[in-house]
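Single-structure report; data block below.
Numbering (the UniProt record's numbering), first residue to last: 1 to 373.
Below is the structure:
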């Protein structure tokens, strides 16, 4: 009788949502693809104990939010900050997870010293290639055999026309900077999976630009295991047909598809663009932060329906997909609380600020059950 009363109390406060018999995400999709999350330093350092328990129960693959980006791990020419990355890799090993490295070459969060000489002027192609190679050798080499796959190049395709994004990597090295990064990474760890990663790849122009890039890498004999589609989506954009078109198109290249940064933003978007360009930010405006007191049930239902539709699509193409990684663990630590406007109250993930599964969680689990019935 006491157990029944306790369960009733938990249910009344929304704490008994997942019963013991309810499968975890990794269990529900065990025969389909890995399901994971991006971890921050509080997670891998064990300081957020509730999140750690959630991660261990729900996920079988992890990605680092920031600890392996160039700036955090290699802030100065002869200085490496290994502790956060070491903790991250150790966490994955201890919990027998598929460990992803993110990211080796990106135009953001890369210190200015990488591209400049002592006088602050742009370095030569040869100098920048040497710095890229040394960095990749150091980082990939340190975790050889421990990190199973790398986002080698991140966001190199232009938003507007599918051409190469104008960055210092492109300006100084030229269009083969991506190929060089993949070559260096493959040499540093020949057994690691190598990925190209980008946002808004549901758009036809970026899709075609990515296909062109991957084909050029394949023509050089460079092994590309998968294309990472950053799933930073909204409640209505992109359409299921747009996402599906890219899954199918990329699979025709002979590569897998990873959904690498998956979340669904329910808040009004001040930008006309859909994506994750972190350089695009906006000032405070209450009309873009409308759910400060909690998510209305009507919006909660829309979020659940959206997650169910997308996971139904994922299951349909499970033979083409290797991994689904949520960008964060709970709503509390989602990057969307601070982008594109700082201080927003965002609700993009399957677990709320109290570490409890939202209705969308049950809908996602149900998509796996329906597919098996």
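Note that CB positions come from ideal geometry on N, CA and C, so glycine has one too.
{"query": "List the endpoints of the continuous alpha helix (DSSP H) containing residue 63.", "result": "Segment 61-64 is the beta strand (DSSP E) holding residue 63; no alpha helix (DSSP H) there."}
{"query": "Counting C-beta neighbours from all protein chains within 10 Å, is the total for residue 105 16 or more, i.e. buried, or is it exposed?", "result": "buried"}
{"query": "Please return the same chain residues whose Cβ sits closer than 8 Å to the Cβ of residue 195, not counting the five positions on each side in sequence.", "result": "149, 150, 151, 152, 224, 225, 226, 227, 228, 258 and 260"}
{"query": "Between which two residues does the alpha helix (DSSP H) harbouring residue 130 extend?", "result": "125-142"}
{"query": "CA-CA distance, residue 303 and residue 133?", "result": "43 Å"}
{"query": "For residue 376 versus residue 355, is the C-beta spacing smaller than 7 Å?", "result": "The requested residue 376 is not part of the displayed model; the chain covers only 1 to 373."}
{"query": "Who are the Cβ neighbours of residue 168 in its own chain at under 6 Å, not counting the five residues just before and after it?", "result": "115"}
{"query": "Determine, using beta carbons only, whether residue 73 and residue 90 come nearer to each other than 7 Å.", "result": "no"}
{"query": "Please report the straight-line C-alpha distance between residue 273 and residue 162, rounded to a whole angstrom.", "result": "Low per-residue confidence applies at residue 273: pLDDT is 47, beneath 50, and the placement is therefore not dependable enough to give any value."}
{"query": "Give me the Cα-Cα distance between residue 41 and residue 71, rounded to the nearest whole angstrom.", "result": "15 Å"}
{"query": "I'd like the list of long-range same chain contacts for residue 186, defined as Cβ closer than 7 Å, with 5 residues on each side in sequence excluded.", "result": "194, 222 and 223"}
{"query": "Roughly how far, in whole angstroms, is the beta-carbon of residue 350 from the beta-carbon of residue 364, given that I think they are within contact range, below 8 Å?", "result": "6 Å"}
{"query": "In whole angstroms, what is the alpha-carbon distance linking residue 232 and residue 267?", "result": "13 Å"}
{"query": "Measuring straight from C-alpha to C-alpha, what distance separates residue 110 and residue 178?", "result": "15 Å"}
{"query": "Skipping 5 residues on each side, what residues in its chain have a beta carbon closer than 8 Å to that of residue 321?", "result": "32, 33, 247, 256, 257, 258, 259 and 314"}
{"query": "Please classify residue 297 as buried or exposed, where buried requires at least 16 other C-beta atoms within 10 Å of its C-beta.", "result": "exposed"}
{"query": "Where residue 183 and residue 154 are concerned, what is the direct C-alpha to C-alpha distance, given to the nearest angstrom?", "result": "15 Å"}
{"query": "Can you find the residues in the same chain that come closer than 6 Å, C-beta to C-beta, to residue 317, ignoring five residues on each side of it along the sequence?", "result": "247"}
{"query": "Would you tell me roughly how many angstroms separate the C-alpha atoms of residue 208 and residue 173, rounded to the nearest one?", "result": "23 Å"}
{"query": "In terms of residue numbering, what span does the beta strand (DSSP E) encompassing residue 324 cover?", "result": "321-326"}
{"query": "Less than 7 Å between the C-beta atoms of residue 87 and residue 44, yes or no?", "result": "yes"}
{"query": "How close, in whole Å, do the beta carbons of residue 335 and residue 327 come, if the pair is a contact with beta carbons under 8 Å?", "result": "6 Å"}
{"query": "What does DSSP give as the partner residues of residue 193 in its beta bridges?", "result": "149"}
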